[in-house]
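Sequential numbering from 22 applies to the sequence shown in the working numbering. For each residue, glycine too, the CB sits at the ideal point set by N, CA and C. One structure is given here, and the rest of the page talks about it.
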Amino acid sequence: EKVTAAVEAKRGDITAAVTAAVRAQVEAEAKPQVQAAVTQQVQAEVQEGVEAQRSTIEAQVTAAVRQQVEAEVAQNRDQIESGVLAPMGMTKKQYDAAVAAGQISEAQQAQVTAAVDAQIAQLVDAQMASDTVKASIASQTDAQIAAAVAEKMASDEIQATIASTTETQLKA
């Protein structure tokens, strides 16, 4: 009887201790699942935010690829110039010698340069329109988006949001 009375007197404390132990156990088991769900939700929001910038990212990637293509095509400038000069009956060497001797006017030089530049522009445009370059731009854009999402997800701000949201949901 004394034991029963002592237990009854401590019933509130015992109930609180058992409840706390059960809650701690449930939280420990549920936390990984809740955290995974919260992380997935936050990642979806971050992904959506980064995806909203896709056109800007793609424009930057396209500009960088265009510079690479232009540099590659420009390496063939002498060949392109030879192609422009051939219908005029001149080799590049003959043209350069004639320019040095003052036999080619500045206007004619400007025409040759414009024709070479136009051919280079056409070659660049053709390469930019190729399936290979388009696929490269798409791939690089996707990679930059993935990197931006990963960087944001690793940020202290996002990690704190995940932690606090997880704790809030566990307490609910």
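Looking only at its chain, what residues have a beta carbon closer than 7 Å to the beta carbon of A51, apart from the 5 residues adjacent to it on each side? As a working note, residue 51 is residue 30 in the sequence shown. Contacts found: L191.
If you compare alpha carbons, which of E72, E79 and Q74 is closest to T162? As a position in the sequence shown, residue 162 is number 141, starting the count at 1. Ranking the options by Cα distance to T162, first place goes to E79.
_Mapping the DSSP letters down to three states, classify K31 as helix, strand or coil._
Sequence index remark: in the sequence shown, residue 31 carries index 10 (1-based). Note: K31 maps to coil in three-state DSSP.
Would you kindly work out how many angstroms separate the C-alpha atoms of Q88 and I158, rounded to a whole number?
As a first step, residue 88 must be located in the sequence shown, where it is residue number 67. As a first step, residue 158 must be located in the sequence shown, where it is residue number 137. So the alpha carbons of these two residues sit roughly 13 Å apart.
| query | Hey, how far is the Cα of Q46 from the Cα of Q68? | reply | Locating residue 46 in the sequence shown gives position 25, counting from the first residue. Locating residue 68 in the sequence shown gives position 47, counting from the first residue. About 33 Å.
**OP:** Measure from the alpha carbon of A150 to the alpha carbon of each residue in T182, T36 and V90, then state which is nearest.
**Re:** Taking the sequence shown and counting its residues from 1, one reaches residue 150 at position 129. Of T182, T36 and V90, the residue nearest in Cα terms is V90.
How would you call E93, buried or exposed, if buried means at least 16 neighbouring beta carbons within 10 angstroms? For the purposes of this step, residue 93 is identified with residue 72 of the sequence shown, where counting begins at 1. Exposed, because fewer than 16 other Cβ atoms sit within 10 Å of the Cβ of E93.
message = I need the DSSP call for T112, collapsed to helix, strand or coil.
response = Translated into the one-based positions of the sequence shown, residue 112 becomes position 91. Here T112 sits in coil by DSSP.
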